[in-house]
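First up is the structure itself, then whatever we jot down about it.
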Amino acid sequence: MPTVRPFKLSKWERICGRTLLEKLFTGGKSKSFSVFPLRVVYLLTDQPDGDLQHVVPVKMMVSVSKRHFKRAVKRNRVKRQVREAYRLNKEIVVSAMADSPNRQLLLGFIWMSDELHDSDTVTRSMQVLLKRIADKL
């Protein structure tokens, strides 16, 4: 299993495929809660049997609705802020997942606000979300 390098966010740490997205958002087994302006949907699953070189314990994705921000520039800014906040604080959940090597945590971050927020607010919300998830694991 590859090591997750702190303060990096590689392609393999992101949810890219349709199968993982469907697993996260359908089936009714995922859990969610909110800390304004973010909502997290998470699911603890079994580790896939595929290519072991690219299996990581935590995968994430970010979603910003067009309903909240009509212009793509603002949506991209919010997604960049959320990814940066996760990248700086992901060690909270990665260390919690170290106890269960055959499990994988899928995280989906959804932006809930109609307004842009500064990066400090997003980082504080991300820290609270990740600490709550780590406590529930």
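To convert, take the position in the sequence shown, counting from 1, and add 598; that gives our numbering.
The beta-carbon is built from N, C-alpha and C at its ideal position, and this holds for glycine as well.
Check this for me: beta carbons of residue i and residue j, under 7 Å apart or not?
i    : j    : result
M695 : V656 : yes
V662 : V676 : yes
L704 : L641 : yes
F707 : V633 : no
K692 : A732 : Looking at the sequence shown, residue 692 is not Lys but Val. No.
I613 : L619 : yes
Could you name the residues of the same chain whose beta carbon sits closer than 8 Å to that of residue i, not counting the 5 residues immediately before and after it, in chain order?
i    : result
S717 : Q679, E682, A683
K664 : R673
R616 : none
Which first and last residues belong to the alpha helix (DSSP H) in which residue i is found?
i    : result
D718 : 717-734
Starting from residue i, follow the beta strand (DSSP E) in both directions and report where the run begins and ends.
i    : result
I708 : 701-709
Which residues in the same chain as residue i place their Cβ atom closer than 7 Å to its Cβ, once the five residues preceding and following it in sequence are excluded?
i    : result
P604 : E689
S628 : L622, V639, Y640, L641
Q645 : V653, N700, R701, Q702
Might you give, ordered along the chain, the residues of its own chain that have their beta carbon closer than 6 Å to the beta carbon of residue i, omitting 5 neighbours on each side?
i    : result
T643 : Q702
P699 : none
T719 : none
Count the C-beta pairs between the stretch 719-728 and the stretch 665-672 that are closer than 8 Å, then say yes if the count reaches three, no if not.
No, the stretch 719-728 is not in contact with the stretch 665-672.
What residue ranges within the stretch 623-692 form continuous beta strand (DSSP E) runs of no fewer than 3 residues, ordered along the chain?
Counting only runs of 3 or more, we get 629-633, 636-644, 656-661.
Hey, is the stretch 685-692 in contact with the stretch 619-628, meaning 3+ C-beta pairs nearer than 8 Å?
Taking 8 Å as the limit for Cβ pairs, the verdict is that the stretch 619-628 does not touch the stretch 685-692.
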